[in-house]
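Following UniProt numbering, the numbering of the sequence shown begins with 1 at its first residue and continues without gaps. Beta carbons: idealized from backbone N, C-alpha and C, even for Gly. Since this is a predicted model, take the numbers as computed values, not measurements. Heads up: the structure comes next, in C-alpha cells.
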Amino acid sequence: DQTTYQRADIISISGDTNSYTKSVELSIENTNGVKIWKETINPKNDGQFSTLIIAGGGGWENNGVYTLKAVQGDLANEIEFKITA
1 DQTTYQRADI ISISGDTNSY TKSVELSIEN TNGVKIWKET INPKNDGQFS
51 TLIIAGGGGW ENNGVYTLKA VQGDLANEIE FKITA
C-alpha cells in the first residue's frame, strides 16, 4: 500500500484476480534476491485478496529495494518497494 517502509512497519498487500478458484502465491525477495517471505492466499468469490505482514526478522536487515511477487497459475506480477532505517 506504500512505496517506502521502515523495519517493523506493517505492510498491507491486496489485489484482485479474474480467477477466484486458483490460489495466489505471494513472496518477497530482499536486496540480495533471497526469498524472505511467502504466503499462499485463496481469493474471495469476488476475486479480492489481502494480507498483512510485518517488515522485520531475518532477511530484512538491509536498506534498499525489495520485490513483492504475485503468481497465479501462468500469470505473474511484481512491484518494488524500499526499506529504510
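Non-local beta-carbon contacts of residue 29 in its own chain, meaning distances under 8 Å to residues more than five positions away in sequence, involve 35, 36, 66, 67, 69 in chain order. Rounded to whole angstroms, the Cβ separation of residue 83 and residue 7 is 7 Å, and the two are in contact under 8 Å.
DSSP, read as helix, strand or coil, puts residue 22 in coil.
Under the three-state reduction of DSSP, residue 2 is assigned to coil, being neither helix nor strand. Approximately 19 Å separates the beta-carbon atoms of residue 72 and residue 12; this is outside 8 Å, ruling out the contact. Fully contained in the segment 6–75 are the following beta strand (DSSP E) runs of length 3 or more, in chain order: 10–16, 24–29, 35–41, 48–54, 64–72. When rounded, the separation of the alpha-carbon atoms in residue 31 and residue 44 is 32 Å.
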